[in-house]
Each structure stands twice: as structure tokens, then as C-alpha cells.
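Trainee: 1 is the number of the first residue of the sequence shown in the working numbering; add one for each residue after it.
My structure is below; once you've seen it, I'll send some questions.
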Amino acid sequence: MSNIAISAAGSQLGALVRRAAHGRETIALTDHGHVAALLVSPQLLEDLEDSLAILQYELREARGERGGRASMAVVRAMLEAGGDERDTSLSSSPTR
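Structure follows, in C-alpha cells:
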């Protein structure tokens, strides 16, 4: 992760955004030495959100909380991650 002061980022904003978007580099914008914001690629954020959704689903399953359904995004992410072998109990019915 690269750090850059907010005061210096203004003149470099276009280049910083391109580095984050295309290079999948996380760039921390700092204010008086403290991280104030992060520039991340949309794909990285989507991947993190998918991973979080899968982990939340698996935690509910482990706790025996079977009241809800997995969203299409969660199911797609689980399949892409090979998660279909971990849990074959997903059904098409709203409640299990």
C-alpha cells in the first residue's frame, strides 16, 4: 500500500486513480500522517464484499441459523471460489 498526503494528491489524482483502478494498488491518502481514505479498484472492493458475504453466510450456517437464503452474488462467489463442495445444502426453497 502506498501512502500519499492529501495535499500532494490533488495534482496527482488522475494518476493515483489509474494506479488503483488498473494496477489493483491500494493507495492511502493521509491527513497529518493519519490515513483518511483509501483508493481501491472497484474489482478489489467487490471481491472483498463477496468474501465477507460468504464468510457471514458460513458463520450463520455454523451457528445453525438457517432462516435466510444466500443472495445470487454469494452463490456466484462461492461457486467461483470452489465453495460448492463445502456446502451442498443450498436449496431453491425460500426456507429450509
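By construction, the Cβ of each residue, glycine as well, lies at the ideal position given by its N, Cα and C atoms.
Quantities reported herein were computed from a predicted structural model and do not represent experimental measurements.
Looking at the strands, I want to know which residues DSSP matches up with residue 30.
Mentor: Answer is 5 and 35, bridged to residue 30.
Trainee: Quick test of your reading: residue 9 and residue 16, contact by CB under 8 Å. State the CB separation rounded to the nearest angstrom.
Mentor: Right, their Cβ atoms sit about 6 Å apart.
Trainee: Between which two residues does the alpha helix (DSSP H) holding residue 23 run?
Mentor: Residues 13-23.
Trainee: By how many angstroms is the C-alpha of residue 49 removed from the C-alpha of residue 30?
Mentor: Roughly 24 Å separates the two Cα atoms.
Trainee: Taking DSSP as the reference, what is the three-state secondary structure of residue 76?
Mentor: Residue state, collapsed to three classes: helix.
Trainee: Do you know how far the Cα of residue 71 is from the Cα of residue 46?
Mentor: Whole-angstrom Cα-Cα distance: 14 Å.
Trainee: Return yes when the Cβ of residue 38 is within less than 8 Å of the Cβ of residue 26, no when it is not.
Mentor: Yes.
Trainee: Verify whether the separation of the beta carbon atoms of residue 41 and residue 21 is less than 8 Å.
Mentor: The answer is yes: Cβ separation under 8 Å.
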